[in-house]
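First the structure, in the form of structure tokens, and then the observations on it.
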């Protein structure tokens, strides 16, 4: 009944052994607790809420070590004793959990991470930031040796996972994934990242979304349906020598790439994440029995549904200044309109894929998934990637196409997969390498890579030429 001093790795090894030996009472294997769970099981009179209401609830501010064991919130903390003691020595907290503070630090599933509005203090400017690197695991609760701020309710501490630090663990089982925060090497570039995140949250309700403008809708009609304008005498690219016609049909080529990689057909369903106005979705419908397709833009989804319903849709192609040409949206020659009915369009958020699996009726799983030029436009790319094992059937294929154009306008710097220098080592961190590490960790094998160009028309004489990296990943 005494705690054990172990490293984080040893605690996780025990969780795996325990799961293999006795099984887990839930759908997930045993694990250690998280920082959020620790705050829930602390005694109500010795936790964050209590300490914010009364300074005396943060016992280390008013209580000597000799008196720390006294009362309902008694604990082996602040050098109350000179060693560990049995974990059931003190009464449990109001949630029925014993030894929630003191005695031994508890390893968590969280990496050491910045809270919202975190800023460096000039008195100790290099204590936290070098450890926001995905290499330091959080420990909570303090130990018998913890004094001062480390014995405070507000203490958040960290150590490398292979270090010993009077640290034990609590065995946890849950049906849901652990509510933990994970970083990776180089993912935090000082307090600016925390400010970026706060700024994103504060501007979440902003109405100036570029993806809801008619100008962008017109541009995407041309990207997704390059045959549009043929009968009006407008070519997708102004005729000239060495015209980059190979950059046309980008949405269709992404869908064709998925099919060429031969995903195992379990239910013959496909998912188009960030479908825009549906060019790739309709191409997928040629090969799959059903396609779920969503985009964050209501404007795009409404447009795709109008086309799907058989409505005659027109859009404007800018020619020069305010001069434009009105053209009809046109499918490629030989396109069978009946396949469009196999697509279900809806407005959605790629960062909420996990929620759709659990809560969206009829969403289900898929043999094929495409994400075309989406990853570097998400506020939280990892939230999207972490959902892939849940939504992809065994043997299924995910095709991701991205130019890795990271901009803080869309993604806080703390969430970038790469495109920056590690703040500690100064090594360049490349998105391609991080994506491979993430996908392999999620159980996917890389089966394809190519450079995929695309052309987006801004007006008759100005185009964006983008070279995205297209990769294919098969679920093992």
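In our numbering, the protein residues as written are 3 to 478. C-beta: ideal position from N, C-alpha, C; glycine also. In this text, all values refer to a predicted model and were calculated from it rather than measured experimentally.
By the CB criterion at 8 Å, residue 402 and residue 419 fall outside the cutoff. Taking the CA atoms as reference points, residue 412 sits about 20 Å from residue 117.
In this structure, residue 76 sits near residue 92, with a CB-CB distance shorter than 8 Å. Beyond the five residues adjoining it in sequence on each side, residue 9 comes within less than 7 Å, by CB distance, of 163, 164, 165, 166 in the same chain, given in chain order. When secondary structure is reduced to three states using DSSP, residue 475 falls in the strand class.
Spatial neighbours of residue 353 in its own chain (CB-CB distance under 7 Å, excluding positions within 5 residues in sequence) are listed in chain order as 380, 381, 382, 385, 386.
When the beta-carbon positions are compared, residue 107 and residue 139 stay at least 8 Å from each other.
Restricted to the stretch 378-459, the alpha helix (DSSP H) segments that are unbroken, complete and at least 4 residues in length are 383-387, 390-393, 433-443, listed in chain order. For residue 284, the three-state secondary structure derived from DSSP is helix. Taking the CA atoms as reference points, residue 5 sits about 36 Å from residue 389.
The DSSP-derived three-state label of residue 295 is strand. Beta-bridge analysis with DSSP links residue 109 to 141.
Setting aside the 5 residues that flank it on each side, residue 248 is surrounded in the same chain by 455, each with a C-beta closer than 7 Å to its C-beta; the list follows chain order.
In the displayed model, residue 83 falls within coil according to three-state DSSP, outside both helix and strand. Looking from the CA of residue 425, the closest CA among 54, 35, 134 belongs to 134. Contact between residue 35 and residue 174 holds, since their C-beta atoms are separated by about 5 Å, short of 8 Å. Contact annotation: residue 393 and residue 347 have beta-carbon atoms that are not nearer than 8 Å. Short of 6 Å from the beta carbon of residue 268, and not among the five residues preceding or following it, lie these beta carbons of its own chain, in chain order: 369, 395. In the three-state reduction of the DSSP assignment, residue 62 falls in the helix class, which pools H, G and I. For residue 308, the three-state secondary structure derived from DSSP is helix.
Contact between residue 460 and residue 320 holds, since their C-beta atoms are separated by about 7 Å, short of 8 Å. C-alpha of residue 95 to C-alpha of residue 48: approximately 9 Å in a straight line. For residue 12, no beta strand (DSSP E) segment is defined; the enclosing uninterrupted segment is the alpha helix (DSSP H) at 10-24. Judged by pairs of C-beta atoms under 8 Å, the stretch 349-368 does not touch the stretch 319-338, as fewer than three such pairs exist.
The C-alpha of residue 341 is placed about 14 Å away from the C-alpha of residue 270.
Within the same chain, 458 come within 6 Å of residue 466 by CB-CB distance, once the 5 residues on both sides are set aside.
Looking at the backbone, the Cα of residue 156 and that of residue 429 are separated by about 33 Å.
Between residue 453 and residue 478, the gap from beta carbon to beta carbon reaches 8 Å or more.
Sequence-distant Cβ neighbours of residue 55 in its own chain, meaning closer than 8 Å and more than five residues away, do not exist here.
Under the DSSP assignment, residue 56 falls outside any beta strand (DSSP E); it carries neither an H nor an E label.
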